[in-house]
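As numbered in my numbering, residues 2 to 134 make up the sequence shown, in order.
Backbone N, C-alpha and C fix where the C-beta goes; we use that ideal spot for every residue, glycine too.
Quantities reported herein were computed from a predicted structural model and do not represent experimental measurements.
Below you'll find the structure, written out as structure tokens, and then a few comments.
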Amino acid sequence: MTAVRFTCALAVPGVGLGGGVVWNLVVTSWRGLGDPAFEVEQLKEALATQPVIEQAKGMIMLVRACTSDEAFVVLREISQHANVNVNVKDVAAVIVAAASRAEQPGGLAGLDQQSITVVLDETRRRGLDAVFG
Numbered sequence: 002m003t004a005v006r007f008t009c010a011l012a013v014p015g016v017g018l019g020g021g022v023v024w025n026l027v028v029t030s031w032r033g034l035g036d037p038a039f040e041v042e043q044l045k046e047a048l049a050t051q052p053v054i055e056q057a058k059g060m061i062m063l064v065r066a067c068t069s070d071e072a073f074v075v076l077r078e079i080s081q082h083a084n085v086n087v088n089v090k091d092v093a094a095v096i097v098a099a100a101s102r103a104e105q106p107g108g109l110a111g112l113d114q115q116s117i118t119v120v121l122d123e124t125r126r127r128g129l130d131a132v133f134g
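Structure follows, in structure tokens:
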């Protein structure tokens with residue numbers, strides 16, 4: 002069973018403490034949650050992807066002298082600003098593969114070469130060239 006997320010953004014003006022307008026937004030519901038088989042699959046996927054994300058965070062922490070949370074923000078920002086459809090796990094996999102030189106970045110995580118190049122360019126643009134040696 003696949004979880005489906007429904008989000009309805011509702012802008013309702015209200016009055017804030019200082020008399021200003023406050024906008025209340027976003028009602029989200031999920032279908033598929035509560036299904037034990039679905040939850041087990043989600044946990045398996047999280048366990049499978051966590052190591053590569055932690056490795057990439059460690060590399061960023063070393064180069065940037067930042068915290069684990071700050072390194073994750075960098076991964077998320079690269080994912081969001083790369084202008085290709087890549088998630089944090091894919092960004093982490095590209096960074097780790099490029100830095101370790103253990104394998105060629107091509108074909109990583111099912112990403113095409115253009116997406117990999119865009120992720121690497123965005124990583125360099127953020128001053129993380131040292132990750133690649």
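- Here Glu71 has no same chain residue with a Cβ atom under 6 Å from its own Cβ, once five neighbours each way along the sequence are excluded.
- Shortest Cα-Cα distance from Lys90 to any of Lys58, Val41, Met62 involves Lys58.
- Thr124 sits close to Val95, with the two beta carbons spaced by under 9 Å.
- Here DSSP, grouped into helix, strand and coil, assigns Ala100 to helix.
- If you check the CB distance, Ala93 and Ile117 do not come in under 9 Å.
- At the C-beta level, Ala83 and Val119 come within 9 Å of one another.
- Remark: C-beta atoms of Gly128 and Arg65 approach each other more closely than 9 Å.
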